[in-house]
Amino acid sequence: MSTVAEIKAAIPKLTLEERAEVARALHGWDDDAWDEQMKRDLAAGKFDKLLSKVDADIAKGNLRDLP
């Protein structure tokens with residue numbers, strides 16, 4: 106059994122407090138990696154086309170409130 110499968114199998118056996126602890130640990134770690142990747146992608150210009158489209162939509166008034 107892989108480590109991921111073992112983790113998935115163990116989660117239902119945890120108490121709510123233990124699940125919350127695992128979620129906090131994963132959430133914090135994931136955010137750090139995600140944030141760093143986003144910073145690298147932004148610096149590399151990977152969002153330039155998307156941001157230009159957003160700016161154009163804002164300038165044209167093509168916005169609507171979320172429900």
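Residues 106 to 172 in our numbering are what the sequence shown spells out, letter by letter.
No residue lacks a Cβ here, since even glycine has one placed at the ideal position from N, Cα and C.
Asked, Found
"Under the three-state DSSP convention, the category P172 falls into", "coil"
"CB of I116 within 9 Å of CB of V127, strictly", "yes"
"Inter-residue CB distance, L168 and D162 (contact presumed, cutoff 8 Å)", "7 Å"
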